[in-house]
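Listed in order, the protein sequences are those of chains G and D.
Read in order, the letters of the first sequence correspond to residues 1 to 167 in our numbering.
Read in order, the letters of the second sequence correspond to residues 1001 to 1805 in our numbering.
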Amino acid sequence: MQITVTVNGIEHTRDVEPRLLLVHFLRDSLELTGTHWGCDTSNCGACVIWLDGAPAKSCTVLAVMADGRAVRTVEGLETAAGLDPIQQAFSDKHGLQCGFCTPGMMMTCRALLDENPDPSEHEIREAISGQICRCTGYENIVRSVKAAAAVESGAMQSSAAQQGVTA
Amino acid sequence: MTTTEDARTGVADTGVASTEVAASTPMGYGSMRRKEDARFIRGQGHYLDDIVIPGMLHSAILRSPLAHARILSIDTSAAEAHPKVKAVITGETLAGLGLAWMPTLSHDVQAVLATDKVRFQGQEVAFVVAEDRYAARDALGLIEVEYEPLDPVIDAKHALDPEAPVIRDDLEGRTDNHLFDWEAGDSAATDAIFASADVVSECDMLYPRSHPAPMETCGSIASMDKVTGKLTVHTTTQAPHAHRTVYAMVAGLPEHKIQIIAPDIGGGFGNKVGIYPGYVCAVVGSIVTGKPVKWVEDRSENLMSTSFARDYHMHGEIAATKDGKLLGVRVKVLADHGAFNGTAQPSKMPAGLFHVFSGSYDMAAAHCAVTGVYTNKSPGGVAYACSFRITEAVYLIERLVDVLARDQGWDPAELRMKNLLRSEQFPYTTALGWEYDSGDYPATFQKALDIAGYDELRAEQREKRARGELMGIGISFFTEAVGAGPRKTMDILGLGMADGAELRIHPTGKAVLRLSCMTQGQGHETTFAQIVAEELGISPDDIEVVQGDTDQTPFGLGTYGSRSTPVSGAAAAMVARKVRERARIVAAAMLEVSADDLEWEKGGFHVKGDPSAARTMTEIAMAAHSDLELPDGVEGHLDATCVYNPPNLTYPCGAYICVVDVDGGTGQVKVRRFVAVDDCGVRINPMIVEGQVHGGLADGIGMALMEVMAFDPDGNHLGASFMDYLLPTSMECPSWELGETVTPSPHHPIGAKGVGESATVGSPPAVVNAVLDAIGVRHADMPLTPAHVWRAMQGRPLRTDLAIG
Ligand code: FES
Ligand code: FES
């Protein structure tokens, strides 16, 4: 079956088996190996990407279901302007160890912050509760998200202030 | 309580060294961002399954659905006829090559692919190589295996019954399922102490079978070059050099023609120490097809067939005087080793380092007797950050102390404080012969009590009890023994447990450090650069750490048992000191003075009393490679190698306090607070140490409350997916409250002790003690799931290792 999927802003057209999982399409067909696979049962969240702007477990989506839709993966977080604040915060706050859960965690946390720029500890824990990290005990992931939120709210304030000056 | 809040925000008020990263890279120790993160946060890590080699084929393993059965026939013809299948390998194929069985790390053999019988559910039966991973899986469904089911041995307590079926009839002359008997300590002295003790408490307890379950499963890519005869294996291994030697021994390949490459590893926790049948099959697959062959297990394969952990049935007794002085401890263990003895531990120690079970207390005598048995379950037993079974030992003693306190109406904190080893007793030789190196246990414990606000917690508990609410406070004080180990006492497969390091300073003063250990997320690229930086005054940013590739690194036994910092970390410091002494000679030649007249100040040498006559390491490095005339017998360049043979283990310790609330109606446990004060000696990168502790504390929540591998009477594995084998999520874990004390190890070159497994080892008893304190039950086994807590409250605790009947 021929499908066209926009991944991180680039359109890819491929012939795929109807049963191919999106996680394998991304990893094997497009060689975007930042998205990981960790379980058979949709429990771990190592595979989380965005599908049309919302986090989804790519092991639980067929590639053909992504036909005509937009996918964002960890490789799409960094822009020409630099690292996404969530990436920087994971490094600053030691939010990762082996790094295997990290892409999925960051995609979920990015979505959380877009929706809720100042989440409470409980809201952060709830957002990542469908994902497993074996290394960090979650503490520093929570701290990372808080740090990214603080940076972004600071950045927003300063850009608002700048706009105030120029206006 | 302000200390709580402070701990949660990382403020140093609770005695934690700053875990905030410094603004600029420290020239040595201190919290700094990890170098490896640059690739991980971009999704540019290079894990096993990310690797593609031109022409690479994929593979899958057909596994046994039965726990114990005779194989009558295997028909692979339909699978072989699949258009995308390149090869189907069975036990018979391997037998032709002499590879159907392989040696384990514990003086046993293990089937690579079953030939005669299957001995556990999930055992490897056939191996398919195909063009892609989906086709390989399809072909598994085309293989016909005819089995004759046999009665399985599932309950270790019945493994030695006279009528029990014999699992290992492949071993000549074997008529039962008995594996070994092993003892430690002085039995007569211990019995004498128990006979005259005022009070004795005893308890039966199970440390259930669990699994390390790293987020990345195990896998490998074998690539045999027919022309050169060189075998390259990319594989998820914590011990690349040990793997190379084992491949040489198993496959009869010359060791210099084997290259093991461990790429980035997505967590190990002991799961990636052993050699699994899939690895060997991938090698054979590559030899047969002439192509690289990738094998990656799925999650249920990981949980069902690779190294499980624990599975110790323990009967413990503790003796004391009537005023609470601990005297001795005695334990009998029934150890379930599964179908093959595949534990990965020092080979002269069939129960690993379990015999540190006298714990952190001054005791006159102790004795254990361990009996190992075969059952129809997967092999393994030493994994999951257990420090070679110290996890079981700490659980035993910390549960026994609580049971004794309950039986006598003593406060568990007071009882511990009264009996903890005091700082002036170190070095302390235990009744079981271990020489603990250093510690100030009462200070460590007091710190935890202070952070927790122990007296206030007890007062709160009394108030809550009066209102009928269930709140519990659980304590654990552990002593770890890590950094295996001295060559004279510890080896794996005859290989002494020393580790090498090689350091080369390039002409421009940048450096490369090559190590035998292998990170799985611990941050070696950063901390080992910091060790060298501290010794030489070169920025960690300018030191490249190389690990994992056996063609690029010195020999050594790898990373497990919290041994990287105690052994390889010591090697890194020693090799840097060797380089520094070489640099001294070069600097002396540069300054035209005697080497003895030079003084080291981090980053360079200067003439004693004349700081202006100085040379930096960068200048010295260039001079060492230049035409500078050096004294006779002094070679140019600036590098060194060393092998570190640890004189003793290092003994970190910690005091943990857990606070839980239990819903009496549902049995649901909520861990409200967890205080952890660790003493691991000198901390190289406090941020990383804290992260290691966080991860281990989550393990403790998991084991105490959620994780178990139970089996039904037919031997069906009841924890074979993440829907059944429950791991802690962000919702079960509280915000950890950490503290530290620092007593350097006197025999380690930089005073550091291992810490990677401390929290995994120390935390489960704190959680269990808290839950049992809340519900007022003397003992119930892990995991304390809601159903189990509810049953325990009714005086009907469960056998958690068996299906609920
Ligand atoms: S791979 Fe585990 S949830 Fe997708
Ligand atoms: S960092 Fe290893 S699983 Fe999360």
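All C-beta atoms in this analysis are idealised placements derived from N, C-alpha and C, irrespective of residue type, glycine included.
Keep in mind the model is a prediction, meaning the values are calculated, not measured.
Three-state class that DSSP yields for Lys1418 of chain D in the structure shown: In the three-state DSSP reduction, Lys1418 of chain D falls in the helix class (H, G or I).
Rounded C-alpha distance that separates Pro1263 of chain D from Ser29 of chain G: Rounded to whole angstroms, the separation of the alpha carbons of Ser29 of chain G and Pro1263 of chain D is 21 Å.
Where Gln1044 of chain D falls: helix, strand or coil (DSSP): Coil.
Sequence-distant residues of the same chain with beta carbon closer than 6 Å to Ala1383 of chain D, five excluded per side: For Ala1383 of chain D, where only same-chain residues beyond five positions count, the Cβ hits under 6 Å are Pro1212, Gly1270, Asn1271, Ser1307, Ala1309.
C-beta contact flag for Glu1525 of chain D and Glu1036 of chain D at 8 Å: The answer is yes: Cβ separation under 8 Å.
Backbone CA spacing between Val1634 of chain D and Ala1640 of chain D [nearest angstrom]: Taking C-alpha positions only, Val1634 of chain D is separated from Ala1640 of chain D by approximately 13 Å.
Neighbour list for Arg125 of chain G in chain D, Cβ cutoff strictly below 7 Å: Listed along the chain, the chain D residues whose CB falls inside 7 Å of the CB of Arg125 of chain G are Ser1730, Met1731.
Cβ distance (whole Å) where Met1617 of chain D is taken to contact Ala1583 of chain D below 8 Å: Going by Cβ atoms, the distance from Met1617 of chain D to Ala1583 of chain D rounds to 6 Å, so yes, they are a contact pair.
Within-8 Å CB hit, Thr1520 of chain D to chain G: Per the sequence shown, the amino acid found at residue 1520 of chain D is Gln instead of Thr. Yes, contact with chain G.
Cut-off 6 Å between Cβ atoms - residues of its own chain near Arg1034 of chain D, not counting five sequence neighbours on either side: Counting only Cβ-Cβ distances below 6 Å, and skipping sequence neighbours, we find Gly1523, Thr1526.
CB contact flag (Trp1563 of chain D, Ile1475 of chain D, <8 Å): It is Arg, not Trp, that sits at residue 1563 of chain D in the sequence shown. Taking 8 Å as the Cβ cut-off, Arg1563 of chain D and Ile1475 of chain D do not qualify as a contacting pair.
Within 6 Å of ligand 2: residues by beta-carbon to any heavy atom: Going along the chain, the residues that qualify are G:Leu96, G:Gln97, G:Cys98, G:Gly99, G:Phe100, G:Cys101, G:Thr102, G:Cys133, G:Arg134, G:Cys135, G:Thr136, D:Met1215, D:Gly1267, D:Gly1521.
Interface flag, Phe1478 of chain D vs chain G, CB-CB below 8 Å: The Cβ of Phe1478 of chain D sits no closer than 8 Å to any Cβ of chain G.
Spatial neighbours of Ala1787 of chain D in its chain, beta-carbon cut-off 7 Å, leaving aside the 5 residues before and after: Within the same chain, Ala1787 of chain D has close Cβ partners Gly1667.
Which listed residue (D:Val1088, D:Asp1181, D:Thr1550) has its alpha carbon closest to that of Val1333 of chain D: Comparing C-alpha distances from Val1333 of chain D to each of D:Val1088, D:Asp1181, D:Thr1550 shows the shortest one belongs to D:Asp1181.
Status (buried if at least 16 other CB within 10 Å, exposed otherwise) for Thr1019 of chain D: So Thr1019 of chain D counts as buried.
Chain-order list of residues whose beta-carbon lies under 6 Å from that of Gly1381 of chain D (same chain, five-residue window excluded): Cβ contact annotation for Gly1381 of chain D (same chain, cutoff 6 Å, sequence separation greater than five): His1337, Thr1343, in chain order.
The stretch 118 to 133 of chain G touching the stretch 1052 to 1072 of chain D, judged by at least three CB pairs closer than 8 Å: Contact annotation: the stretch 118 to 133 of chain G does not touch the stretch 1052 to 1072 of chain D, with fewer than three C-beta pairs closer than 8 Å.
Exposure label - Ala54 of chain G; buried when at least 16 CB within 10 Å: It is exposed - the Cβ of Ala54 of chain G has fewer than 16 other Cβ atoms within 10 Å.
Same chain, Cβ closer than 8 Å to Gly1032 of chain D, neighbours up to 5 away in sequence not counted: The sequence shown places Met at residue 1032 of chain D, rather than the Gly named in the question. Excluding the 5 residues flanking it on each side, Met1032 of chain D has same chain C-beta neighbours closer than 8 Å at Val1021, Ala1022, Thr1025, Pro1026, Thr1526, Gln1530, Pro1540, Asn1685, Met1687, in chain order.
Alpha carbon of Ala1589 of chain D to alpha carbon of Leu1503 of chain D, nearest angstrom: One alpha carbon belongs to Ala1589 of chain D, the other to Leu1503 of chain D, and they sit about 22 Å apart.
Opening and closing residue of the alpha helix (DSSP H) in which Ser1187 of chain D lies: Following the DSSP letters along the chain, one finds Ser1187 of chain D inside the alpha helix (DSSP H) bounded by residues 1187 to 1196.
Enclosing alpha helix (DSSP H) for Asp92 of chain G [first to last residue]: Annotation for Asp92 of chain G: the continuous alpha helix (DSSP H) segment containing it runs 85 to 92.
Chain G residues whose Cβ lies nearer than 8 Å to that of Ser1721 of chain D: Cys39, Asp40, Thr41, Asn43, listed in chain order.
Other residues of its chain near Gly1664 of chain D: CB distance less than 6 Å, five sequence neighbours each side excluded: Cβ neighbours of Gly1664 of chain D beyond the five flanking positions: Leu1470.
Segment contact, 8 Å Cβ cut-off, at least three pairs: the stretch 1206 to 1221 of chain D with the stretch 1048 to 1063 of chain D: The stretch 1206 to 1221 of chain D is in contact with the stretch 1048 to 1063 of chain D.
C-beta neighbour in chain G for Val1021 of chain D, strict 8 Å: A Cβ of chain G is located within less than 8 Å of the beta carbon of Val1021 of chain D.
Asp92 of chain G: contacting residues in chain D (beta-carbon distance under 8 Å): In chain order: Val1021, Arg1033.
Those runs of the alpha helix (DSSP H) which lie wholly inside the stretch 1591 to 1669 of chain D and span at least 4 residues: The DSSP assignment places 1617 to 1624 as complete runs of the alpha helix (DSSP H) inside the stretch 1591 to 1669 of chain D, in order along the chain (cut-off: 4 residues).
Three-state class that DSSP yields for Lys1230 of chain D in the structure shown: DSSP places Lys1230 of chain D in strand when its eight states are reduced to three.
Cβ of Ala1213 of chain D within 8 Å of any chain G Cβ: Output row for Ala1213 of chain D: interface = yes.
Within chain D, partners of Thr79 of chain G - CB distance below 7 Å: The contacting residues do not exist; Thr79 of chain G stays about 12 Å from chain D at best.
His1694 of chain D, buried or exposed, once every other Cβ within 10 Å from all chains shown has been counted against 16: Within a 10 Å sphere around the beta-carbon of His1694 of chain D sit 16 or more other beta-carbons, which makes this residue buried.
Residue nearest to Leu1353 of chain D in terms of C-alpha spacing, selected from D:Asp1155, D:Lys1464, D:Gly1252, D:Met1490: A check of alpha carbon separations from Leu1353 of chain D across D:Asp1155, D:Lys1464, D:Gly1252, D:Met1490 identifies D:Met1490 as the nearest.
As assigned by DSSP and simplified to three states, the class of Glu1543 of chain D: First, the residue type needs correcting, since residue 1543 of chain D is Ile and not Glu in the sequence shown. Strand, per DSSP.
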